[in-house]
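Asks: Mind the numbering: the sequence shown is residues 74 to 194 in the numbering used here, read in order.
Idealized CB from N, CA, C, for every residue including glycine.
Only a predicted model underlies this, so the values are computations on that prediction, with no experimental measurement involved.
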Amino acid sequence: MEKILIVGCKNTMDDVCIGCSRCLVAFNRRQGVFEIYEGENAEIVGMVGCGGCPAPAIVTRLMQVKLWNAPMNEKPTVIHIAPCISEQCPHKEEIIKKITAKAGIRVIEGTHPYVPADIFA
Numbered sequence: 074m075e076k077i078l079i080v081g082c083k084n085t086m087d088d089v090c091i092g093c094s095r096c097l098v099a100f101n102r103r104q105g106v107f108e109i110y111e112g113e114n115a116e117i118v119g120m121v122g123c124g125g126c127p128a129p130a131i132v133t134r135l136m137q138v139k140l141w142n143a144p145m146n147e148k149p150t151v152i153h154i155a156p157c158i159s160e161q162c163p164h165k166e167e168i169i170k171k172i173t174a175k176a177g178i179r180v181i182e183g184t185h186p187y188v189p190a191d192i193f194a
């Protein structure tokens, strides 16, 4: 079973994305990048913000996820980078580099497909 951890932008998660519902809805519907789990047993074990620009604490945040989930014997098997980082963040490359270097598990860019092509159209 895949155990998914979603990493998003702290600022977006705190101020814009209401409960990050787009990521969760996409996972439940197996839409967007989550299509890869169609027909598979997979679950989201957590969502974590990057820690704030320029994400100097992302590795610490990942260690906290490990620590907090240890009593439940839960740990992610794959990390998804939310669109608020993969499509919007100027620090994207460095964040993904840090996560990939330290996580020891697969890192996938993307979650939901619900980004409007035009804002006012």
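From this set, V89, D88, I109 and M74, which residue's C-alpha is nearest G183's C-alpha?
Replies: The shortest C-alpha separation from G183 is found at I109.
Asks: Along the chain, where does the beta strand (DSSP E) containing R102 start, and where does it finish?
Replies: Per DSSP, R102 belongs to no beta strand (DSSP E); it is in the alpha helix (DSSP H), S94 to R102.
Asks: Check A115 in the structure and name its three-state DSSP category.
Replies: In this structure, A115 counts as strand in the three-state DSSP scheme.
Asks: Counting along the chain, where does the alpha helix (DSSP H) carrying K230 start and finish?
Replies: This structure leaves residue 230 out entirely; the chain is present only between 74 and 194.
Asks: Output yes or no for whether 9 angstroms exceeds the beta carbon distance between V180 and I152.
Replies: Yes.
Asks: Considering only residues of the same chain and omitting the five flanking positions on each side of K175, which have a CB-CB separation below 7 angstroms?
Replies: Cβ neighbours of K175 beyond the five flanking positions: V132 and L135.
Asks: DSSP beta-bridge partners for E182?
Replies: Paired residue(s): I154.
Asks: What residue does the alpha helix (DSSP H) around Q53 start on, and which one ends it?
Replies: Since the first residue of the chain shown is 74 and the last is 194, residue 53 is not available in this structure.
Asks: Run through DSSP, which three-state label would G177 get?
Replies: In this structure, G177 counts as coil in the three-state DSSP scheme.
Asks: For the candidate residues H164, C90 and P156, whose alpha-carbon lies nearest to that of C126?
Replies: It is H164.
Asks: Does the beta-carbon of I117 have 16 or more other beta-carbons within 10 angstroms, so that it is buried, or is it exposed?
Replies: Flag for I117 reads buried.
Asks: For G122 versus K83, is the C-beta distance shorter than 9 angstroms?
Replies: Result yes, Cβ atoms of G122 and K83 sit closer than 9 angstroms.
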